[in-house]
Amino acid sequence: MSDSAAPPLHLGPMESEIKPMATKGGGLTATPVVERGRKRSPSPLTLSDDEDLSDPTHGDGEWLLSDSDEDEDQEDKGIYRPFTVDDIPRPSCDHKQQTDVLHKNPETKVRGPLPIRLFPAFKSGKHIFGSEYNLAGKSQISLDSVGDCPNECYCYPMDVLQFVDIKIAGYRHTHPGRVKMYGFIAAREPENPLRNYVYCREIENCESVPVKQKTGVARLSPTGPARVISMITHSFIEFEIHARNEDETNVGDDLIIEGCTEIDNFFESKSFIDHRRFYGERCALDIKYIVMINAVEALVEVTALRLDTIPGGGVNMKLYAKTSGFNDVIPLFQGITPEPGGMMRFAVGVVRHNRLDLYIEGSRSDDATTLCWQCGFFSGYHGTNEEVADLGVFAAFSVKVTWRSYRKKTWLMKKK
Numbered sequence: 118m119s120d121s122a123a124p125p126l127h128l129g130p131m132e133s134e135i136k137p138m139a140t141k142g143g144g145l146t147a148t149p150v151v152e153r154g155r156k157r158s159p160s161p162l163t164l165s166d167d168e169d170l171s172d173p174t175h176g177d178g179e180w181l182l183s184d185s186d187e188d189e190d191q192e193d194k195g196i197y198r199p200f201t202v203d204d205i206p207r208p209s210c211d212h213k214q215q216t217d218v219l220h221k222n223p224e225t226k227v228r229g230p231l232p233i234r235l236f237p238a239f240k241s242g243k244h245i246f247g248s249e250y251n252l253a254g255k256s257q258i259s260l261d262s263v264g265d266c267p268n269e270c271y272c273y274p275m276d277v278l279q280f281v282d283i284k285i286a287g288y289r290h291t292h293p294g295r296v297k298m299y300g301f302i303a304a305r306e307p308e309n310p311l312r313n314y315v316y317c318r319e320i321e322n323c324e325s326v327p328v329k330q331k332t333g334v335a336r337l338s339p340t341g342p343a344r345v346i347s348m349i350t351h352s353f354i355e356f357e358i359h360a361r362n363e364d365e366t367n368v369g370d371d372l373i374i375e376g377c378t379e380i381d382n383f384f385e386s387k388s389f390i391d392h393r394r395f396y397g398e399r400c401a402l403d404i405k406y407i408v409m410i411n412a413v414e415a416l417v418e419v420t421a422l423r424l425d426t427i428p429g430g431g432v433n434m435k436l437y438a439k440t441s442g443f444n445d446v447i448p449l450f451q452g453i454t455p456e457p458g459g460m461m462r463f464a465v466g467v468v469r470h471n472r473l474d475l476y477i478e479g480s481r482s483d484d485a486t487t488l489c490w491q492c493g494f495f496s497g498y499h500g501t502n503e504e505v506a507d508l509g510v511f512a513a514f515s516v517k518v519t520w521r522s523y524r525k526k527t528w529l530m531k532k533k
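Okay, so the sequence shown: first residue is 118 according to my numbering, each after it adds one.
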């Protein structure tokens, strides 16, 4: 396969008024399908030597977020019911308490994602990870300008950490209504000590999310990263999450979890997906992520070209991605579509010789009709794919995917 960007795979617009995330067929006359979303496979799809990667039917065609259609009563029907707000472990960052959660409490291995050690957040002075990362620096990593290689390609694949899903669990929300979530989750690379924000919201641009009363679960909407998170052997993760009541009754006491840890990919030769949980005193933080071996960055730029001008509110938009044969849906954006000319930018890791699938869904709050667009793109070291996502009467978007790698074969470049 060429290192330049290959032609995208068109899967066409779709329409559904019954179950917008589960449609069958293509075109505006697609048949709505009523079925329950399946839980995602924990491992990527693999291709045999004679299998055609360009086949649009390859892989799972569903675009449901994991557990998005499950209520708490259904969650209780499993062999091991999830922790509730009444019985979830609530350890501090103390080494012994975290060790007990990791190794002495058997329920933490079956009633939620596998636990991972929560280290204290850096405040000042010495820290267990302070010798390798500049924890005092709060600056954000910038989007590097990586152009095409002159004359010949010197690009080298990267190992990439890709966040898929972020939730809190066990949060006791006793007030009516939703909760205002804000704070940050950031990654640092040993080679680049600046913060790469996966989630970053101030109280002024907080998100209002529902919380399940029994389990205290709420999903956060990622806002980043600025560029893919490089992970040669390990990456540092730090976070600080706040939850404020809509009536502002807990101002000054809204910090629900903070801390840090290090994620590594030692001895791994194949890409894998993992789901881990940090246990804190007021709630837990769940992160699902993919570690990609031999990957590149897909810089996705989506610009609104045209919006529905019919009165009754803006156009609701969902932008999802799937990458590298994994069936798990990565939510890139959910909300009101930007005004024409407004651009959104996202960085997604994609394994070499594999593909990125994008899904855009549009609807109006006063209309049950949903229009969808889907397209696949082959990965490469260089090149750009540009397409128009036409959602009929609702909207049209320019979709631009630019491929790049931040690693170069510098030893070869020096010889030239």
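Each residue gets a CB set at the ideal place from its N, CA and C atoms; glycine is no exception.
Check: Taking only runs of the beta strand (DSSP E) that begin and end inside the stretch 379-443, which ones reach a length of at least 3 residues, in chain order?
Finding: If we require 3 residues or more, the beta strand (DSSP E) runs fully inside the stretch 379-443 come out as 389-396, 401-424, 432-440.
Item checked: Residue from 209, 512, 476 whose Cα sits closest to the Cα of residue 459 -> 512
Next item on the list: Go ahead and label residue 535 buried or exposed: buried means 16 or more other beta carbons lie within 10 angstroms of its beta carbon, across all protein chains shown.
Entry: Because the chain is modelled from 118 through 533, residue 535 falls outside the range shown and cannot be assessed.
Notebook entry, point to check: Taking DSSP as the reference, what is the three-state secondary structure of residue 322?
Noted result: helix
Note to self: Looking at residue 296: is its Cβ nearer than 8 Å to the Cβ of residue 361?
What the structure shows: Yes; because the gap between Cβ atoms is below 8 Å, this pair is in contact.
Item checked: Nearest-angstrom Cβ-Cβ length linking residue 230 and residue 392, presumed shorter than 8 Å -> 4 Å
Next item on the list: Answer yes or no: do residue 346 and residue 277 have a C-beta to C-beta separation smaller than 8 Å?
Entry: yes
Note to self: In the DSSP assignment, the beta strand (DSSP E) including residue 331 goes from what residue to what residue?
What the structure shows: For residue 331, there is no enclosing beta strand (DSSP E), as DSSP marks it with neither H nor E.
Checklist line | Limits of the unbroken alpha helix (DSSP H) element including residue 351 | finding: Taken as a continuous stretch (DSSP letters only), residue 351 belongs to no alpha helix (DSSP H), being part of the beta strand (DSSP E) at 351-362.
Check: So what does residue 480 bridge to, in DSSP terms?
Finding: Paired residue(s): 433, 487.
Check: Which of the three DSSP states, helix, strand or coil, is assigned to residue 284?
Finding: strand
Next item on the list: Output yes or no for whether 8 Å exceeds the beta carbon distance between residue 439 and residue 403.
Entry: no
Item checked: Nonlocal neighbours in the same chain, by C-beta distance under 7 Å from residue 418, ignoring five residues either side -> 460, 462, 517
Checklist line | Anticipated Cβ contact below 8 Å, residue 353 with residue 379, distance rounded | finding: 5 Å
Next item on the list: Look up residue 507 in the DSSP assignment and say whether it is helix, strand or coil.
Entry: strand
Note to self: Mapping the DSSP letters down to three states, classify residue 252 as helix, strand or coil.
What the structure shows: coil
Next item on the list: Could you say which of 423, 311, 520, 324 lies nearest to residue 455 if we only look at CA atoms?
Entry: 423
Check: For the 8 Å Cβ check, are there 3 or more pairs between the stretch 464-483 and the stretch 435-450?
Finding: The stretch 464-483 is in contact with the stretch 435-450.
Margin query: For residue 133 and residue 437, what's the separation of their Cα atoms in angstroms?
Written below: Residue placement at residue 133 is flagged as unreliable, the pLDDT there being 35, under the threshold of 50; the coordinate-derived value follows with that caveat. So the alpha carbons of these two residues sit roughly 17 Å apart.
Notebook entry, point to check: Got a sec? Which residues, its chain only, sit under 6 Å from residue 212 by beta carbon, not counting five neighbours each side?
Noted result: none
Item checked: Closest residue to residue 376 among 255, 425, 240 (Cα-Cα distance) -> 240
Margin query: Across the stretch 273-289 and the stretch 406-413, are there enough close Cβ pairs to call them in contact, namely three or more that are closer than 8 Å?
Written below: yes
Checklist line | For residue 224, the three-state DSSP class (helix, strand or coil) | finding: helix
Notebook entry, point to check: What residue from 332, 509, 337 has the CA that sits closest to residue 316's CA?
Noted result: Comparing Cα-Cα distances from residue 316 to each of 332, 509, 337, the minimum goes to 337.
Check: Helix or strand or just coil, what does DSSP make of residue 181?
Finding: It is coil, neither helix nor strand.
Next item on the list: Note down, in chain order, each residue of its chain lying with its Cβ closer than 7 Å to the Cβ of residue 206, except the 5 sequence neighbours on either side.
Entry: 218, 222, 225, 396
Next item on the list: List the endpoints of the continuous alpha helix (DSSP H) containing residue 216.
Entry: 212-216
Next item on the list: Take the Cβ of residue 368 as the centre, count every other Cβ of all protein chains shown within 10 Å, and call the residue buried at 16 or more, exposed below.
Entry: Under this definition residue 368 is an exposed residue.
Check: DSSP puts residue 515 in a beta bridge; with which residues?
Finding: 420, 505
Next item on the list: Could you tell me whether the Cβ atoms of residue 431 and residue 363 are closer together than 8 Å?
Entry: no
Note to self: Three Cβ pairs or more, each shorter than 8 Å: is that satisfied between the stretch 245-259 and the stretch 497-516?
What the structure shows: no
Check: Anyone know if the C-beta pair for residue 301 and residue 314 falls short of 8 Å?
Finding: yes
Check: Which residues share a DSSP beta bridge with residue 448?
Finding: Looking at the DSSP output, residue 448 sits in a beta bridge with 437.
Next item on the list: Using three-state DSSP, classify residue 548 as helix, strand or coil.
Entry: The structure shown does not extend to residue 548, since the chain spans only 118 to 533, so no value can be given for it.
Checklist line | Buried/exposed call for residue 286, threshold 16 Cβ in 10 Å | finding: With 16 or more neighbouring CB atoms inside 10 Å of its own CB, residue 286 falls in the buried class.
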